[in-house]
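Report on one structure; see the data block that follows.
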Amino acid sequence: MRLGVCYYPEHWPEARWADDAAAMVAMGLRQVRIGEFAWSRVEPEPGVFDWGWLDRAIDTLGGAGLRVILGTPTATPPKWLVDAAPDILAWDRQGRVRGFGSRRHYCFSSQTYRQEAARITRAFAGRYGMHPHVAGWQIDNEYGCHDTTLSYSPAAREGFRRWLRFKYRDIAALNAAWGTVFWSQDYGGFGAVELPNLTVTEPNPAQVMDFRRYSSERVVRFNQVMAGIVREHSPGRDIMHNVMGFVTDFDHHALGADLDVTAWDSYPLGFLEQYWFSEAEKVRYARTGHPDIAAFHHDLYRGCSRGRWGVIEQQPGPVNWARHNPAPLPGMVRLWTLEAAAHGAEYVSYFRWRQFPQAQEAMHAGLQRVDGAEAPAAAEVRAVAAELAALGAQTVERAPVALIVDYPGLWAMEAQPQGADYRGIELLFRAYEALRRLGLDVDVVSAAANFSDYAMVVAPVLPFVDEGLVARLAAFEGQVLLGPRAGSKTADFAIPGALAPGALQALIPLKVTQVESLRRDVRHAGDGFVVERWLEHVESALAPELATDDGHGVLWRQGGVRYLSCWPDAGLWRAALVAMAGEAGVAVTTLPDGVRMRRTAERIFVFNWGPDTVDPQPFLGDDDVTKELPVAGVLIANC
Amino acid sequence: MRLGVCYYPEHWPEARWADDAAAMVAMGLRQVRIGEFAWSRVEPEPGVFDWGWLDRAIDTLGGAGLRVILGTPTATPPKWLVDAAPDILAWDRQGRVRGFGSRRHYCFSSQTYRQEAARITRAFAGRYGMHPHVAGWQIDNEYGCHDTTLSYSPAAREGFRRWLRFKYRDIAALNAAWGTVFWSQDYGGFGAVELPNLTVTEPNPAQVMDFRRYSSERVVRFNQVMAGIVREHSPGRDIMHNVMGFVTDFDHHALGADLDVTAWDSYPLGFLEQYWFSEAEKVRYARTGHPDIAAFHHDLYRGCSRGRWGVIEQQPGPVNWARHNPAPLPGMVRLWTLEAAAHGAEYVSYFRWRQFPQAQEAMHAGLQRVDGAEAPAAAEVRAVAAELAALGAQTVERAPVALIVDYPGLWAMEAQPQGADYRGIELLFRAYEALRRLGLDVDVVSAAANFSDYAMVVAPVLPFVDEGLVARLAAFEGQVLLGPRAGSKTADFAIPGALAPGALQALIPLKVTQVESLRRDVRHAGDGFVVERWLEHVESALAPELATDDGHGVLWRQGGVRYLSCWPDAGLWRAALVAMAGEAGVAVTTLPDGVRMRRTAERIFVFNWGPDTVDPQPFLGDDDVTKELPVAGVLIANC
Amino acid sequence: MRLGVCYYPEHWPEARWADDAAAMVAMGLRQVRIGEFAWSRVEPEPGVFDWGWLDRAIDTLGGAGLRVILGTPTATPPKWLVDAAPDILAWDRQGRVRGFGSRRHYCFSSQTYRQEAARITRAFAGRYGMHPHVAGWQIDNEYGCHDTTLSYSPAAREGFRRWLRFKYRDIAALNAAWGTVFWSQDYGGFGAVELPNLTVTEPNPAQVMDFRRYSSERVVRFNQVMAGIVREHSPGRDIMHNVMGFVTDFDHHALGADLDVTAWDSYPLGFLEQYWFSEAEKVRYARTGHPDIAAFHHDLYRGCSRGRWGVIEQQPGPVNWARHNPAPLPGMVRLWTLEAAAHGAEYVSYFRWRQFPQAQEAMHAGLQRVDGAEAPAAAEVRAVAAELAALGAQTVERAPVALIVDYPGLWAMEAQPQGADYRGIELLFRAYEALRRLGLDVDVVSAAANFSDYAMVVAPVLPFVDEGLVARLAAFEGQVLLGPRAGSKTADFAIPGALAPGALQALIPLKVTQVESLRRDVRHAGDGFVVERWLEHVESALAPELATDDGHGVLWRQGGVRYLSCWPDAGLWRAALVAMAGEAGVAVTTLPDGVRMRRTAERIFVFNWGPDTVDPQPFLGDDDVTKELPVAGVLIANC
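These protein sequences, in sequence, are chains A, B and C.
Everything in the first sequence is counted per the UniProt record's numbering, starting at 1 for the first residue and increasing by one.
Everything in the second sequence is counted per the UniProt record's numbering, starting at 1 for the first residue and increasing by one.
Everything in the third sequence is counted per the UniProt record's numbering, starting at 1 for the first residue and increasing by one.
Written out as structure tokens, the structure is:
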């Protein structure tokens with residue numbers, strides 16, 4: 001696994017570049033990403049290009065032995081373009097234009113912007129496509145970040161109408177699909193359809209769902225066009241995009257299909273702080289990140305581009321953008337790096353080389369401090385570079401478990417949560433966490449995947465199921481676990497005529513006759529678990545495998561297929577997974593809280609994220625390994 | 001009492017209508033409400049009407065023996081109308097147009113919309129006014145729902161100016177009434193007055209109060225015009241509107257004066273979850289609703305149309321629109337139905353017949369599931385239909401207690417709460433709760449009511465008092481209890497020159513010299529009660545009947561008139577009510593927590609909303625009744 | 001010290017004026033402020049003036065022996081002006097026009113408004129400038145109140161662009177200063193710069209910082225122009241403005257330079273309720289105010305106009321504008337008055353004479369009730385007037401401690417908090433509180449002050465340091481305490497090349513290499529203190545004077561200079577201040593919780609804000625004083 005770094009030559013005097021490049025190499029870095037926000041410096045005026053500095057930067061960095069990953073700068077259209085074509089701007093849900101002055105201010109539906117983006121992308125690719133130092137490309141930057149997938153602009157409205165016309169052909173078909181007979185929502189033509197914002201009460205969820213699909217496709221199509229331009233001019237180079245953590249507004253599987261490598265930006269402390277983790281988790285893991293945040297995304301993004309992935313931005317110290325921004329515990333930068341290796345990354349690239357003393361990210365740490373001295377992470381990077389060299393390449397093998405992540409399913413849960421705290425992504429994450437606490441390796445796959453070589457398939461959030469999926473699950477010989485609301489929606493976002501789980505009734509004969517969303521203190525206790533948030537009433541000839549003390553079946557089974565008819569807590573996830581693993585013949589290991597394991601073909605990696613030293617011998621079953629795995633420590637054992 | 005149901009023939013294939021009608025009748029239902037959102041299907045294009053389906057639906061339903069209540073569809077103007085006349089749309093407080101895509105998007109001040117609404121109402125009434133199956137009409141749907149009474153549109157501004165000109169005649173009169181001398185707010189003419197939104201800090205409360213009155217009158221007038229059209233074409237039929245729970249933005253007494261029957265929509269679980277109940281109450285009563293929610297509204301709306309009222313939408317299972325949507329406890333649909341009978345409803349109509357699998361309310365339960373099988377409520381409905389038949393008609397008699405609900409008074413508390421948690425509606429509700437926990441039946445009346453036949457009059461929120469009211473109270477021979485801030489405002493929203501309680505000083509000689517709003521942890525304890533939120537300093541020759549330990553008088557009495565000079569907790573409400581009931585010769589009964597009683601001329605009904613079985617013998621004083629009233633149980637005893 | 005009152009003759013019948021004036025004088029009042037919101041009554045139509053009533057009011061009040069402070073009415077432009085020139089209105093951060101209907105709706109950047117404001121100010125000053133009863137002027141009212149310093153109007157955009165052009169001359173200089181190379185933010189010209197609102201994610205903090213400077217300067221310049229007009233027409237009279245508590249949006253030192261007297265509006269209960277005090281403090285001090293709120297502002301504003309200051313609005317009872325509005329404890333109006341005297345006020349003026357029964361402040365107490373009887377405060381005022389007469393003039397001497405308040409530094413903490421709860425003003429206040437709990441008198445000074453006669457200088461929030469400041473601190477022979485983030489920003493809002501504390505490294509040799517913002521439950525404990533919120537990692541040859549148990553140095557010292565590298569709690573403030581006071585030879589006294597002392601040249605004042613009687617003998621070391629200082633009591637001892 002390569003190590004690399006993100007660098008902004010335009011931020012620093014040209015005189016420093018060579019020293020910086022040499023220092024990178026000396027630290028063990030072999031890759032450098034540049035250029036992704038440099039539009040205003042490459043094209044300071046419309047049509048006037050200043051390539052000289054970038055030519056020299058690439059030469060200097062590449063000449064020092066660094067593989068250059070070149071970014072296209074479309075995430076930051078410059079002010080002169082915004083002034084010339086204000087229709088490129090996105091509009092927020094409140095109907096306000098999202099103005100210039102930060103980043104990602106463009107609307108994916110703007111035809112003007114797509115032309116301008118293609119123009120600058122072509123300019124970059126044309127100039128550097130065959131450059132010997134340019135080993136790869138990053139298209140744009142962090143699609144979806146800052147809630148930028150959805151735009152409510154006039155351009156988006158026009159685009160959505162075109163997309164609907166293409167999808168439904170006949171307005172009657174749209175009216176039928178959305179159930180517009182409800183509340184007199186009938187449309188007389190595609191040109192009458194509005195965006196689903198600023199309505200008096202909630203908009204039609206089928207309309208929301210189509211708008212989510214449309215918006216996701218706009219991102220994927222934008223990327224596809226830009227990737228195509230680059231590929232045309234730069235054959236043989238890796239084309240990548242850097243996706244974010246916990247951003248699920250667009251379909252990463254669809255995006256990844258157009259990329260050679262799905263890269264992602266890993267900020268374990270920032271993500272812990274910003275998302276829906278409990279207060280106790282936010283305190284406990286404040287300086288390490290929750291043990292499953294990075295791993296979940298590693299496994300997710302490994303599945304997006306045929307197994308090729310990397311971490312193109314790795315948090316090296318405190319960031320500036322979370323509500324609170326602590327420093328990683330000593331050892332964590334090494335741990336995060338080795339963790340990526342254990343999950344099969346091609347590279348880990350730290351963000352950024354040197355902390356920039358100005359502008360929005362002035363308080364974001366780098367490997368060097370503002371004064372040019374090394375930040376605390378630098379020593380860890382140098383050490384782990386040596387460790388990785390000694391370790392050699394790691395081969396990722398198919399995991400025993402496939403976890404299905406279906407992006408449209410996540411949008412459906414947002415379009416119609418039915419309970420204020422029903423968060424699809426949280427449910428997915430908790431399933432992943434439960435699997436990993438049992439010591440299991442996991443492949444995250446799309447609903448279109450071939451499951452046949454897995455022992456277990458887990459689908460926590462799968463409201464949409466098509467015939468092909470049902471057929472593949474029916475043919476699957478391993479164990480299947482379906483989460484609540486599986487099969488609960490038709491493609492048109494209707495409740496299936498035969499009730500949920502709809503077509504999945506072919507696999508497990510039950511009907512969900514009623515659902516309850518519950519506030520957190522309304523609880524149904526069971527043996528080792530408590531049900532909160534969500535409870536389904538099930539009609540079935542089956543007897544439940546597990547039930548609450550007050551008689552609600554919560555886990556149902558027929559043959560190799562199980563269905564969870566509630567929001568499971570950690571205890572219920574564990575019980576269900578242990579049961580299915582037993583049937584599947586997959587060995588599980590109860591790991592101490594805060595400890596995780598991950599296997600490659602060559603090694604077993606054990607990571608300690610908890611606050612105390614742990615003895616790994618009991619769960620590794622190996623008397624030869626150390627008895628003391630310290631806090632933030634990593635144990636690498638032979639298989 | 002009739003049972004009925006809400007039905008949407010336009011949602012279902014015509015071939016199902018006859019079977020549905022037959023099944024309704026078989027279940028014991030005798031009434032069906034239809035049509036209230038069907039504008040786009042009746043008039044799919046401007047001026048092009050498709051009556052055929054509605055003709056046939058009425059024939060089918062009516063032919064099966066169901067009384068048809070026909071809704072006018074003005075709550076959902078279709079898209080073609082919005083596109084042709086965007087000035088019909090409401091604007092929110094933030095100055096944004098409230099767009100098409102859900103419902104209630106019209107502005108009551110739009111003259112265009114009032115013409116269009118009259119046109120479609122006339123079309124409905126003209127066609128079906130004399131139809132033999134049409135037994136009644138519902139005008140529009142849920143006025144005020146989704147915060148739609150107040151609109152800040154240009155039309156509303158114009159309308160408000162006209163209304164002010166009519167009210168004040170001379171701008172000097174307005175300036176004097178509003179005290180515009182304060183902060184240089186003087187207006188040179190009615191055309192200069194703006195709506196009270198988007199000001200730098202709070203707007204003038206007298207202006208807000210007038211805007212609230214204006215907005216309420218717009219609702220009442222809209223309804224009056226539509227009701228007049230229907231009445232002209234459909235003489236002898238009941239004209240109704242379905243009002244909501246806890247919506248107090250317009251004056252329901254004024255609305256009810258133009259209706260034959262005030263109908264309301266009862267969603268006990270949704271209302272509990274959405275309103276200001278404590279966390280503990282929301283958990284305790286999650287699956288039953290707070291014991292006083294439905295009853296309070298029953299008694300309130302019984303007082304709006306000369307005693308005629310009904311529940312036109314009754315929650316039959318989980319809804320879709322609250323933050324959390326649990327299922328009613330088994331037995332609750334029966335309990336709610338019998339409760340309505342005990343309060344004198346003409347009918348209870350469940351919402352809806354069959355769960356519709358699409359659009360905004362796809363997750364809202366019905367009597368039938370999406371698959372056409374019976375939902376859990378169906379069996380309860382069938383059973384209670386039989387029970388009601390056996391029970392016979394119930395006669396509502398005058399209650400011993402009149403509780404005054406004065407809508408302008410509630411608006412005043414919102415226009416000037418003076419303490420962040422001073423909620424008039426909550427204070428009203430807690431008074432009602434306290435009365436009912438003493439086993440008392442209550443009539444809710446307007447401030448214009450004739451009190452003479454009551455034993456007790458309770459007015460928790462009565463800032464405005466006019467001469468007539470003072471005279472009626474002075475002449476009243478029973479016991480009166482006035483809440484805090486009674487008489488604290490003149491009609492122009494000024495503090496009375498003689499201080500609060502203003503003209504009520506004729507009844508009880510005291511002056512409120514100073515008021516304090518207190519955060520919840522700043523407490524003044526008394527014997528069996530604690531004062532939080534609100535405390536008045538009183539100057540009086542009277543000695544207080546009750547005082548806090550630190551010497552603040554909180555209950556004052558002269559003759560039959562009492563005044564509460566604080567926000568009372570349950571203990572203080574109880575103490576005050578027990579004292580006045582004693583003087584009034586009204587017997588009280590301390591009911592167990594969660595138990596309520598209600599008497600008709602024929603029966604005593606006892607309802608158990610609590611989590612445990614209770615023994616009703618002690619408080620009924622009747623050894624013959626059961627000793628075990630189960631959870632969600634109803635005991636019907638002879639008087 | 002004079003006592004006075006705020007009065008609105010336009011609110012009352014002319015027939016009452018003389019009686020009111022006589023009653024004021026009889027109560028011991030000698031000053032009256034009038035006129036500051038009277039524009040619409042003085043100029044009811046454009047160019048049509050009605051001076052008669054104001055002439056007579058001034059004659060009546062002045063004739064009764066009251067010094068008249070006349071307000072210019074620019075805080076409330078009348079409706080006819082708003083209608084004629086809507087460009088005078090401010091725009092909020094969300095891009096909405098802030099409309100007419102309350103106050104302070106004007107935009108400081110509007111050239112139209114500046115002309116109109118000058119016109120009306122000239123009219124007032126021209127008419128009354130030489131009036132014998134007019135002893136002083138108040139320009140406008142409460143700049144910044146209701147978040148009105150910052151406006152995002154087109155006029156503000158134009159003004160900001162002009163200001164930037166003047167500051168930077170060359171757009172390249174602006175681009176360099178703001179680091180616009182980051183995220184392609186480069187501007188091609190000053191006309192391309194937008195205001196820093198409505199961006200996709202956070203705007204450039206250097207841009208925000210310049211906008212804050214610009215906006216502050218607009219306030220200062222507006223006041224300067226108006227003060228200049230008044231001074232020209234009214235030589236020899238005191239020119240004042242009434243600033244608010246905890247409003248720090250503009251530079252009060254710069255404002256004060258153009259005033260003769262900095263007046264302020266003291267609402268101890270309202271401020272406690274509205275700001276960031278803990279829940280426990282809000283309950284404990286609900287009826288007294290936190291003991292340091294008024295004192296902090298007294299000392300702050302005493303430093304703004306060369307020592308001349310007063311309280312022009314003093315809370316006399318419950319106000320109307322806080323979330324909760326309790327009444328002051330009996331004795332508090334006296335205590336607050338004597339406290340102002342102890343801090344050297346020229347006057348205390350109660351707001352307002354009589355409670356006005358209408359409009360936005362109808363619920364705001366006065367010295368008279370609405371019915372004209374005396375409110376509870378009146379007796380305290382009468383008594384304290386006599387006490388003050390007996391006490392004689394108080395001479396304020398230089399305090400031993402200078403506390404630096406640097407407004408740009410506070411804006412910097414808002415432009416880039418880096419942790420969600422890093423509030424500069426709170427940090428400042430807690431330093432002040434800690435000093436006062438040690439019995440120390442404090443002078444609050446600007447960063448430009450001459451420190452040489454102080455024993456101690458404390459600078460809790462000082463991110464910007466210029467050469468002059470460093471030189472003054474270096475030359476200073478007393479003890480210096482620097483708070484976290486001192487010297488952390490260059491003037492252009494960059495991190496210093498040599499890291500924080502930048503130029504202050506000349507005084508104390510350390511570098512802040514990394515900073516952590518921490519959520520409240522992530523704690524580092526030490527001996528008698530706990531670090532939360534903020535922790536800096538320091539590189540230094542120095543050994544820390546204090547460190548956490550886990551080894552983080554938190555207090556550093558070289559010679560007389562100390563640096564706090566964390567957010568200190570009360571324990572750490574105390575430890576640091578006790579240490580430096582010891583070195584400085586300043587005696588400290590540990591006061592009981594809730595007790596404060598303040599010395600003049602003539603007296604020692606002791607105030608008891610706590611809930612219990614205290615014995616002041618131990619900390620006064622004086623056996624002759626009372627042993628029982630009651631709640632809300634004041635002890636005045638000889639020095």
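Virtual Cβ for every residue (Gly too), placed ideally from N, Cα, C.
Listed from N- to C-terminal order along the chain, which residues in the segment 348–365 of chain C have their beta-carbon within a distance smaller than 9 Å of any beta-carbon of chain B? For the segment 348–365 of chain C, which is checked against every Cβ of chain B, the residues closer than 9 Å are Q355, F356, P357, Q358, A359, Q360, E361, A362, M363 and A365.
*What does F476(B) reach in chain C if we use C-beta pairs closer than 9 Å?*
Simply none; closest approach about 27 Å.
* Asked: Should R114(A) be flagged as near chain C, meaning a C-beta pair shorter than 8 Å?
  -> Cβ-Cβ to chain C under 8 Å: no for R114(A).
Helix, strand or coil, according to DSSP, for R323(A) in the structure here?
In this structure, DSSP gives R323(A) a state outside helix and strand, which the three-state scheme calls coil.
Task: Assigned secondary structure, S278(B) (DSSP; H/G/I helix, E/B strand, else coil) - done: Of the three classes helix, strand and coil, the one that applies to S278(B) here is coil, per DSSP.
State the CB to CB distance for the pair L499(C) and P460(C), rounded to an integer number of angstroms; the pair is presumed to be in contact (CB under 8 Å).
Here L499(C) is actually not in contact with P460(C); their C-beta atoms are around 20 Å apart, not less than 8 Å.
task: Return the first residue and the last residue of the alpha helix (DSSP H) that G136(B) is part of.
output: Per DSSP, G136(B) belongs to no alpha helix (DSSP H); it is in the beta strand (DSSP E), V134 to Q138.
Fill in: Spatial distance of V29(B) from L507(A) (CA atoms)
Going by the sequence as given, residue 29(B) is Leu instead of Val. Going from the Cα of L29(B) to the Cα of L507(A) covers about 38 Å.
Counting Cβ pairs closer than 8 Å, one from the segment 410–420 of chain B and one from the segment 197–217 of chain B, do we hit at least three? With the cut-off at 8 Å, the segment 410–420 of chain B and the segment 197–217 of chain B touch.
* Under the criterion of a Cβ to heavy atom distance below 7 Å, does V261(A) qualify as lining the ligand COA? -> Among the ligands in the structure shown, none appear at all, so the ligand COA cannot be discussed.
**Asked** Do T60(C) and W137(C) have their CB atoms nearer than 8 Å?
**Response** Taking 8 Å as the cut-off, the beta carbon of T60(C) is found no closer than this to the beta carbon of W137(C).
TODO: Spell out whether any CB of chain B is found under 8 Å from the CB atom of F182(A).
DONE: A Cβ of chain B is located within less than 8 Å of the beta carbon of F182(A).
Exercise. Using the beta-carbon count (16 or more within 10 Å), is D55(C) buried or exposed?
Worked result: A residue is called buried once 16 or more other Cβ atoms fall within 10 Å of its Cβ, and D55(C), having fewer, is exposed.
Within the continuous alpha helix (DSSP H) that includes G582(C), where are the two ends? If you look at G582(C), you'll find it in the alpha helix (DSSP H) that goes A570 to A584.
If I follow the unbroken beta strand (DSSP E) through V444(C), where does it start and stop? Here the beta strand (DSSP E) through V444(C) covers V442 to V445.
**Study point:** Under 8 Å from the C-beta of T148(C): neighbouring residues of chain B
**Key:** Within chain B, the residues near T148(C) are V200.
**Prompt:** Should R98(B) be labelled buried (16 or more other beta-carbon atoms within 10 Å of its own) or exposed?
**Reply:** Buried is the call here.
Point to revise | F607(B), enclosing beta strand (DSSP E) - first and last residue | key: First-last of the beta strand (DSSP E) with F607(B): R603 to N608.
From the DSSP output, in three-state form, read off R122(B) for me. In the structure shown, R122(B) sits in a helix (DSSP, three-state: H, G or I).
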